[in-house]
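Structure first, commentary second.
2 protein chains.
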Amino acid sequence: MTTGTSTQIQLAARPTGWPTAADFSTAVIDLPDLAAGQVRVVNDFISVDPYMRGRMNDVKSYIPPFVLGETMGGGAVGRVVESAAESVAVGSLVVHQYGWRDVVQEDAAGFRVVPEIPNVPSSAYLGVLGMTALTAYVGLLEVARFKEGDTVFVSGAAGAVGSMVGQIARLKGAARVIGSAGTDEKVALLTEKYGFDAAFNYKTGDLATQLAEAAPEGIDVYFDNVGGDHLSAALGAFKDGGRAALCGAISQMNRTDGPTGVQNMVNIVTRGLTLTGFTVGNYLAHFPAFTEQMGAWFAAGDIVFDETVVDGIENSVDAFLGMLRGENTGKMVVKTSVLESTTAAS
Amino acid sequence: MTTGTSTQIQLAARPTGWPTAADFSTAVIDLPDLAAGQVRVVNDFISVDPYMRGRMNDVKSYIPPFVLGETMGGGAVGRVVESAAESVAVGSLVVHQYGWRDVVQEDAAGFRVVPEIPNVPSSAYLGVLGMTALTAYVGLLEVARFKEGDTVFVSGAAGAVGSMVGQIARLKGAARVIGSAGTDEKVALLTEKYGFDAAFNYKTGDLATQLAEAAPEGIDVYFDNVGGDHLSAALGAFKDGGRAALCGAISQMNRTDGPTGVQNMVNIVTRGLTLTGFTVGNYLAHFPAFTEQMGAWFAAGDIVFDETVVDGIENSVDAFLGMLRGENTGKMVVKTSVLESTTAAS
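So the sequences go chain by chain: P and E.
Counting from 1, one number per residue, gives the positions in the first sequence under my numbering.
Counting from 1001, one number per residue, gives the positions in the second sequence under my numbering.
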């Protein structure tokens, strides 16, 4: 029987505007003996994602708000160290949604066993092989109905989702892929590493002007991670019949003075545009097709990705806030490396 | 050979903000002899529509701007008084797009012969049997993908398009149909004549509050004729998976201080909404199905409609401005009754 504790980050207060450390608390839980059907998992990595900011508010949304005093939920990947379930063997690599804790002990049904790929870190199951890339994949192909020859604009393009959108668009035959990012380093990464045809820094120049220069003939598809002024600029750049997949609005999440009004809405009528919002949870049926396609690209070396790794469960809040501020390149994860300190004593 | 003249209203200047009479001029044109293949039509009615305001601006749009110094185009219905084309007989009732003139003489290919229905004014071919109702029909059924059991909100609901949307939604099995209008008289008409389940005056109360009261469980479909604050209110009222057909933004057309920013855009993401703009010109393939369905409803007495008729081609500009101000109930048309003064002298 394994003994041990689980360190967990809990939501202590609902933030107004930007979250602070005071909105969270740390709990160290003594783990009881495994019940029948349960497994114990020591996490390798936990995921911090923009959508989590929305769940901190007590408002109606597609998923319920986080509960005050409970542990922050979210994607994580770890290894089974003890099992009282026939379906999951000790040593299995698993993905789950139990979030911000170093050790998790729950019914086996809450975990999905994933294959281990040589030379690929387990964190890839939170990003390029997980929900993040699935978000990019379904958003571009299903929601925005991308077709070969389209010119595509992606905002927040150096982020975890955006960098995948650009690469998938290129692999699927986009005529031109354009990205925006918030630092010159990220802008360079977009064209030099991720294969974007053009990129610009939205903090150092006028958005609409830079977009018009990057896409002189206009855009067919816009993948929106940012909202606000970015969405207004895209509405001004669309060709007739353009389509937008609205994935998130990170620019709006911590505003306390009301959202940025989006201009140019009349272009939706005059240019016959379609704007569709989505959350990946409604597109899980595409997971098998995604896995097959992404696996093939991945094996062929057609997909590159970055991760920003923050070390230690105690730094989860800092990692989350840094991600909201755009300090990450690619997927932001927290390494919760307690495996060596957990003692298996059967 | 017929002799005669044609009185025509031309665009003299591009308006800034609200158009004025000074932006238009009147020309009286001597009509030449008919050329082979031409017909001469004396108009019964001409149509004034919101989209015409957009065409007065010199901007890229789905249809080219009106040309300065040329006659205002648009829908009209009239009778053939002389024909040099075998395909169109004298006496035929025809619909065309030659716009603001009392007599028109062009190639027969520019006219569509329509059947005459007892007790139905020819103006119906500009509204309930024409492009106006087709706009309502395709916007609701094709663009917003209405389905039985939906709760539908229509803005500008007492207008030509809006009053049709509400009735079609009801006939197609809406759970609830809600409309907004700008006078108490129109609000009463919505529930008492057009069969809306609830209606409110957006000028005398808070839009979002009134919409929430009228649709306590939220809306599935929004048909937008108004834009601006109406669209913001709808975004706040949508259920998950809601769909909007964006037909026009009459509230925004004459603004000179920039468009009203639309709030709540993040709801498009969190509620998985789809907003689709459209113009009826891209949906003409549905005209036969529309004609069959609307003809059946019409014959069964299931559709009611109003017209606001302004008399005299010389009052076309006033009619147009009145329509933009919401002075019409149902379809606004101009009666261009010169038939008795045109002399056929063959």
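For each residue, glycine too, the CB sits at the ideal point set by N, CA and C.
Original post:
Mind checking if Phe1066 of chain E is an interface residue toward chain P, Cβ cutoff 8 Å exclusive?
Top reply: Residue numbering aside, residue 1066 of chain E sits at position 66 when the second sequence is read from its first letter. Closer than 8 Å: no.
**OP:** Look at Gln1263 of chain E and Pro118 of chain P and say whether their C-beta atoms are less than 8 Å apart.
**Re:** Position 263 of the second sequence, counted from the first residue, corresponds to residue 1263 of chain E. Position 118 of the first sequence, counted from the first residue, corresponds to residue 118 of chain P. Contact: no.
Original post:
Taking the DSSP output, what are the residues bridged to Glu1082 of chain E?
Top reply: To locate residue 1082 of chain E, count along the second sequence from 1; it is residue 82. DSSP output for Glu1082 of chain E lists E:Arg1040 as bridge partner(s).
Original post:
Mapping DSSP to helix, strand and coil, what is Phe1024 of chain E?
Top reply: Here residue 1024 of chain E refers to the residue found at position 24 of the second sequence. Strand.
Original post:
Of all the options E:Val1114, E:Leu1031, E:Ser1083, E:Lys1147, which has the alpha carbon lying nearest to the alpha carbon of Val1177 of chain E?
Top reply: Taking the second sequence and counting its residues from 1, one reaches residue 1177 of chain E at position 177. Among E:Val1114, E:Leu1031, E:Ser1083, E:Lys1147, the Cα nearest to that of Val1177 of chain E is on E:Lys1147.
Subject >> Sequence ranges, alpha helix (DSSP H) only - wholly within the segment 201-281 of chain P, length at least 4 >> reply: 207-214, 229-237, 266-270
Subject >> Coil, strand or helix - Ile1178 of chain E by DSSP >> reply: As a first step, residue 1178 of chain E must be located in the second sequence, where it is residue number 178. Ile1178 of chain E falls in the strand class under three-state DSSP.
Original post:
Given that Ile250 of chain P touches chain E, what residues does it touch there, using C-beta distances under 8 Å?
Top reply: In the first sequence, the residue the question calls residue 250 of chain P occupies position 250. The contacting residues do not exist; Ile250 of chain P stays about 10 Å from chain E at best.
**OP:** Report the three-state DSSP secondary structure of Thr16 of chain P (helix, strand or coil).
**Re:** Mapped onto the first sequence, residue 16 of chain P falls at position 16. Thr16 of chain P falls in the coil class under three-state DSSP.
**OP:** To the nearest angstrom, report how far apart Thr1336 of chain E and Val1048 of chain E are at their CA atoms.
**Re:** Position 336 of the second sequence, counted from the first residue, corresponds to residue 1336 of chain E. Position 48 of the second sequence, counted from the first residue, corresponds to residue 1048 of chain E. Near 13 Å, if we compare the C-alpha coordinates of Val1048 of chain E and Thr1336 of chain E.
Original post:
If you check the beta carbons only, do Ala1199 of chain E and Val1187 of chain E fall under 8 Å apart?
Top reply: As a working mapping, residue 1199 of chain E is identified with position 199 in the second sequence. As a working mapping, residue 1187 of chain E is identified with position 187 in the second sequence. A contact, by the Cβ cut-off of 8 Å.
**OP:** Consider the Cβ of Thr274 of chain P: report whether some Cβ of chain E lies at a distance smaller than 8 Å.
**Re:** Residue 274 of chain P sits at position 274 when you count from the first residue of the first sequence. With 8 Å as the cut-off, Thr274 of chain P counts as an interface residue toward chain E.
**OP:** Report back the beta-carbon spacing between Gly951 of chain E and Gln1252 of chain E to the nearest angstrom; my notes put them in contact at under 8 Å.
**Re:** Since the first and last residues shown for chain E are 1001 and 1346, residue 951 of chain E lies out of range.
Subject >> Cα-Cα separation, Thr1020 of chain E to Met332 of chain P >> reply: On the second sequence, position 20 is the one that residue 1020 of chain E refers to. On the first sequence, position 332 is the one that residue 332 of chain P refers to. Looking at the two C-alpha atoms, the distance is approximately 58 Å.
**OP:** Please classify Phe1287 of chain E: does DSSP put it in a helix, a strand, or coil?
**Re:** Position 287 of the second sequence, counted from the first residue, corresponds to residue 1287 of chain E. Phe1287 of chain E falls in the helix class under three-state DSSP.
**OP:** Could you work out which residues of chain E lie near Leu246 of chain P, taking near to mean beta carbons separated by less than 7 Å?
**Re:** By one-based count along the first sequence, residue 246 of chain P stands at place 246. Result: Ile1268, Val1269.
**OP:** Could you check if Glu1070 of chain E is buried or exposed, using at least 16 other CB atoms within 10 Å of its CB as the buried criterion?
**Re:** What you label residue 1070 of chain E is simply residue 70 of the second sequence in a count that begins at 1. Flag for Glu1070 of chain E reads exposed.
**OP:** Determine, using beta carbons only, whether Phe1278 of chain E comes closer than 8 Å to chain P.
**Re:** Sequence index remark: in the second sequence, residue 1278 of chain E carries index 278 (1-based). Yes, its Cβ sits closer than 8 Å to a Cβ of chain P.
Subject >> Limits of the unbroken alpha helix (DSSP H) element including Ser1163 of chain E >> reply: Residue numbering aside, residue 1163 of chain E sits at position 163 when the second sequence is read from its first letter. 1160-1171 is the span of the alpha helix (DSSP H), which, as asked, contains Ser1163 of chain E.
Subject >> Proximity winner among P:Thr204, P:Ala244, P:Asn254, P:Asp44, relative to Leu93 of chain P (alpha-carbon distances) >> reply: To locate residue 93 of chain P, count along the first sequence from 1; it is residue 93. Ranking P:Thr204, P:Ala244, P:Asn254, P:Asp44 by Cα distance to Leu93 of chain P puts P:Asp44 first.
Original post:
Looking at the unbroken alpha helix (DSSP H) that takes in Thr1191 of chain E, where does it start and where does it end?
Top reply: For this step, residue 1191 of chain E is matched to residue 191 along the second sequence. 1184-1192 is the extent of the alpha helix (DSSP H) around Thr1191 of chain E.
Subject >> DSSP-derived helix/strand/coil call for Asp126 of chain P >> reply: Your numbering for residue 126 of chain P matches position 126 in the first sequence. Before going on, a small fix: residue 126 of chain P reads as Leu here, not Asp. DSSP places Leu126 of chain P in helix when its eight states are reduced to three.
Original post:
Is the Cβ-Cβ distance between Val165 of chain P and Val154 of chain P less than 8 Å?
Top reply: Numbered from its first residue, the first sequence carries residue 165 of chain P at position 165. Numbered from its first residue, the first sequence carries residue 154 of chain P at position 154. Cβ distance < 8 Å, so Val165 of chain P and Val154 of chain P count as in contact.
**OP:** Work out the CA separation of Pro121 of chain P and Gly218 of chain P for me, nearest whole Å.
**Re:** As a working note, residue 218 of chain P is residue 218 in the first sequence. As a working note, residue 121 of chain P is residue 121 in the first sequence. Cα to Cα, the separation comes out at about 39 Å.
Subject >> Cross-chain neighbours of Val262 of chain P in chain E, by beta carbon under 7 Å >> reply: Taking the first residue of the first sequence as position 1, residue 262 of chain P is located at position 262. Under the 7 Å cutoff, chain E gives Gly1261, Val1262, Met1265.
Original post:
Can you list the residues of chain E that Leu134 of chain P reaches, using a CB-CB cut of under 8 Å?
Top reply: One-based indexing of the first sequence puts residue 134 of chain P at position 134. Ordered by position in chain E, no residue passes the 8 Å Cβ test against Leu134 of chain P, which lies about 16 Å from the chain.
Subject >> Beta carbon proximity, Gly1236 of chain E to chain P, threshold 8 Å >> reply: Mapped onto the second sequence, residue 1236 of chain E falls at position 236. Chain P, which has no Cβ nearer than 8 Å to the Cβ of Gly1236 of chain E, makes this no.
**OP:** For Thr342 of chain P, I'd like the list of residues in its chain whose CB is within less than 8 Å of its CB, leaving aside the five on either flank, ordered along the chain.
**Re:** Within the first sequence, the letter at position 342 stands for residue 342 of chain P. At Thr342 of chain P the pLDDT is 38, less than 50, meaning the model places this residue with poor confidence and gives no usable figure here.
Original post:
Per DSSP, what kind of secondary structure is Gly1110 of chain E in: helix, strand or coil?
Top reply: As a first step, residue 1110 of chain E must be located in the second sequence, where it is residue number 110. Here Gly1110 of chain E sits in helix by DSSP.
**OP:** Please check if any C-beta of chain P sits within less than 8 Å of the C-beta of Gly1054 of chain E.
**Re:** Locating residue 1054 of chain E in the second sequence gives position 54, where the first residue counts as 1. At least one chain P Cβ lies under 8 Å of Gly1054 of chain E.
Subject >> Whole-number beta carbon distance between Ala89 of chain P and Ala35 of chain P, since they are thought to touch under 8 Å >> reply: Your numbering for residue 35 of chain P matches position 35 in the first sequence. Your numbering for residue 89 of chain P matches position 89 in the first sequence. Not quite, the Cβ-Cβ distance comes to about 18 Å (not below 8 Å), so this is no contact.
Original post:
Where does Glu307 of chain P sit, in a helix, a strand or coil, going by DSSP?
Top reply: The residue you call residue 307 of chain P lines up with position 307 of the first sequence. Note: Glu307 of chain P maps to strand in three-state DSSP.
Original post:
Does Leu231 of chain P have its Cβ less than 8 Å from a Cβ in chain E?
Top reply: Here residue 231 of chain P is taken as the residue at index 231 of the first sequence, counted from 1. Yes - at least one Cβ of chain E is within 8 Å of the one on Leu231 of chain P.
**OP:** Just the C-alpha distance for Pro115 of chain P and Gln105 of chain P, rounded to the nearest angstrom, thanks.
**Re:** Along the first sequence, one-based indexing puts residue 115 of chain P at 115. Along the first sequence, one-based indexing puts residue 105 of chain P at 105. Looking at the two C-alpha atoms, the distance is approximately 21 Å.
Original post:
Going by DSSP, which residues form a beta bridge with Ala198 of chain P?
Top reply: For the purposes of this step, residue 198 of chain P is taken as the residue at position 198 of the first sequence. DSSP lists P:Ile178 as partners of Ala198 of chain P.
Original post:
Which term fits Ala124 of chain P, buried or exposed, when burial requires 16 or more other beta carbons within 10 angstroms of its beta carbon?
Top reply: For the purposes of this step, residue 124 of chain P is identified with residue 124 of the first sequence, where counting begins at 1. The residue in question, Ala124 of chain P, is buried, as its Cβ has 16 or more Cβ neighbours within 10 Å.
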